[in-house]
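Heads up: the protein sequence lines correspond to chains F and A, in order.
Heads up, the first sequence is in our numbering, so the first residue is 1 and it goes up one at a time.
Heads up, the second sequence is in our numbering, so the first residue is 257 and it goes up one at a time.
Ideal Cβ placement from N, Cα and C applies to all residues, glycine included.
For clarity, every value in this text was computed on a predicted model and none was experimentally measured.
Written below as structure tokens is the structure these notes are about.
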Amino acid sequence: MSDSSNNDPFFVGYLGIPKGLRFFLAAAALLLIGGFGILALSIGTAQNDPGDASFEFSWGPQTLTGILQAAPYPILHVTSGSKHIPAGKTILLSGNGKRGIVPRATPLDGQLVQVTGIALKRGDLDMLQLRGGTNGLRKADAGVGQSISIKALGRWRLTGEICDGKCLSGAMRPGRGLSHKACANFCLRGGIPPVFVSSAPVEGRNFFLMGTLDDKALPPDVLNHVATYISVEGVVERHGAMHIFKIDPASVEFAK
Amino acid sequence: MEDAAIVLSVARWWLYAGGIVAVLFLGFGIDRIDENARGSYIFRPLLVPGILLIWPLVLWRWLKLERNHHDISGRYNPLRQAHGPTWMVLAFLIPTLFLGALALRQTWPKDAPATLLAPPAGAAQR
């Protein structure tokens with residue numbers, strides 16, 4: 001080591017701060033504390049408001065009866081509801097975690113069923129996270145099924161975002177946006193119903209359950225467009241109280 | 257193939273390659289380039305996760321040390337010399353990436369209309 005380097009101040013934690021390094025240490029500490037404070041504030045204020053969606057644990061488990069519609073994704077047209085989810089509503093159905101209920105729902109398509117689970121709510125979008133097995137979904141003991149009214153609302157081009165219906169309904173905050181893309185894709189792969197959030201309403205609704213023109217679940221390629229802002233063409237239908245946007249996946253365009 | 261599936265596939269093959277490098281390096285290589293490691297085995301599994309991730313760097317360092325085994329300064333000086341420039345590059349790159357991503361991200365298309373392309377044909381009963 002040269003002589004000049006022997007004269008340089010050298011920081012040793014247990015020996016106190018060398019005179020020549022005091023100003024540097026104070027400046028660096030202030031810069032770091034202030035800089036990270038400003039950075040945290042900038043990141044925080046740049047985020048979108050996650051909204052007030054949430055699990056409704058305070059409602060307790062909800063037991064509902066209604067007509068099950070399995071395609072394109074399971075929904076329930078409520079015929080006998082609860083205080084919080086009255087008859088006439090149509091709600092999305094999911095399982096626990098990132099799992100949908102397609103295997104359980106398909107054999108009961110069109111039948112009167114009883115469901116039990118925890119509700120999630122975001123504005124006029126309701127979902128029920130069902131308990132496992134027949135505790136969560138089973139054929140109703142008695143009752144007569146009713147027909148579901150279906151109204152075609154025409155072919156539309158809507159602009160907005162594909163989200164997974166569970167996180168959007170309140171399972172996650174934020175439950176949408178680019179930072180949530182990986183979670184949304186895991187949920188959609190698990191069979192959670194996808195929901196299109198439109199920038200402009202159709203019949204006063206901005207949330208649409210999604211499917212394809214042939215009433216099937218979304219193909220895997222659509223996952224590439226989740227959480228980005230897109231415009232897409234499709235047919236809008238109202239099934240009971242649920243608006244369904246049946247899209248043509250080939251018409252997806254990146255929104256400018 | 258979906259974009260996510262491609263990323264996962266690349267990651268999987270990267271880790272497979274890392275596993276092969278870990279077996280070779282911890283089984284044979286480390287004894288050849290580090291005399292302090294000879295006869296010591298318990299610590300080696302602890303290195304596996306790191307090697308899985310940075311196996312190209314492990315291979316490169318292994319090759320360098322095989323070629324110049326006794327040059328201690330040659331072993332550490334490249335890292336020391338790279339420290340300053342790397343620090344400067346990262347100090348520029350990280351804020352640039354962060355601010356660039358914020359500036360380039362999409363904004364919610366609040367003014368985009370819902371466009372009716374064709375009116376409904378009629379109502380039906382299910």
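Indicate the three-state DSSP secondary structure (helix, strand or coil) for F:Gly154 in the structure shown.
-> strand
With DSSP collapsed to three states, give me the class of F:Asp221.
-> helix
Along the stretch 208-234 of chain F, what residues have a CB closer than 8 Å to any CB found in chain A?
-> Pro220, Asp221, Leu223, Asn224, Thr228, Tyr229, Ser231 and Glu233
Would you mind sorting F:Tyr14 into buried or exposed? The rule is 16 or more other CB atoms within 10 Å of its CB.
-> exposed
Name the residues in the stretch 143-164 of chain F whose C-beta lies less than 9 Å from a C-beta of chain A; which are they?
-> Ser147, Ile148, Ser149, Ile150, Lys151, Ala152, Leu153, Gly154, Arg155, Trp156, Arg157, Leu158, Thr159, Gly160 and Glu161
In chain F, which residues lie less than 8 Å from A:Ala370 when you measure between Cβ atoms?
-> Trp156, Arg157, Leu158, Thr159, Ser198, Ser199, Ala200, Pro201 and Val202
Given a limit of 8 Å on CB to CB distance, which residues of the stretch 259-292 of chain A reach chain F?
-> Asp259 and Ala260
In the DSSP assignment, find the beta strand (DSSP E) that holds A:Ser265 and state where it starts and stops.
-> Element bounds for A:Ser265: not the beta strand (DSSP E) but the alpha helix (DSSP H), Asp259 to Leu280.
May I ask you to list the residues that DSSP assigns as paired with F:Phe207?
-> F:Val197
Spell out the partners DSSP gives F:Val12 in its beta bridges.
-> Per DSSP, none; premise fails for F:Val12.
With distances taken from CA atoms, which of F:Ile150, F:Ser199 and F:Gly100 is nearest F:Ile162?
-> F:Ser199
Show which residues of chain A have a CB atom less than 7 Å away from the CB atom of F:Asn185.
-> Ala260
Cα-Cα separation between A:Leu309 and A:Ser265, rounded to whole angstroms | 15 Å
So which residues of chain F does A:Ala374 contact, with C-beta pairs closer than 8 Å?
-> Gly154 and Arg155
Shorter than 8 Å from the beta carbon of A:Arg361 to some beta carbon of chain F?
-> yes
Taking the CB atoms as reference points, tell me whether A:Leu313 and A:Ile289 lie closer together than 8 Å.
-> no
For A:Ala260, which option in F:Ser147, F:Ile43 and F:Asp221 has the closest C-alpha, if you only look at C-alpha atoms?
-> F:Asp221
Less than 8 Å separating the beta-carbons of F:Gly154 and A:Pro369?
-> no
Alpha-carbon to alpha-carbon, A:Val277 and A:Leu302 | 14 Å
By a C-beta neighbour count over all protein chains shown, 10 Å radius and 16 as the cutoff for buried, is F:Ala26 buried or exposed?
-> exposed
Listed by chain order, chain F residues near A:Leu353 by CB distance under 8 Å = Neighbours of A:Leu353 on chain F: none; closest Cβ ~14 Å, over 8 Å.
Which chain F residues are close to A:Leu346, counting only those with a beta carbon under 7 Å from its beta carbon?
-> None at all; the shortest Cβ gap to chain F is about 15 Å.
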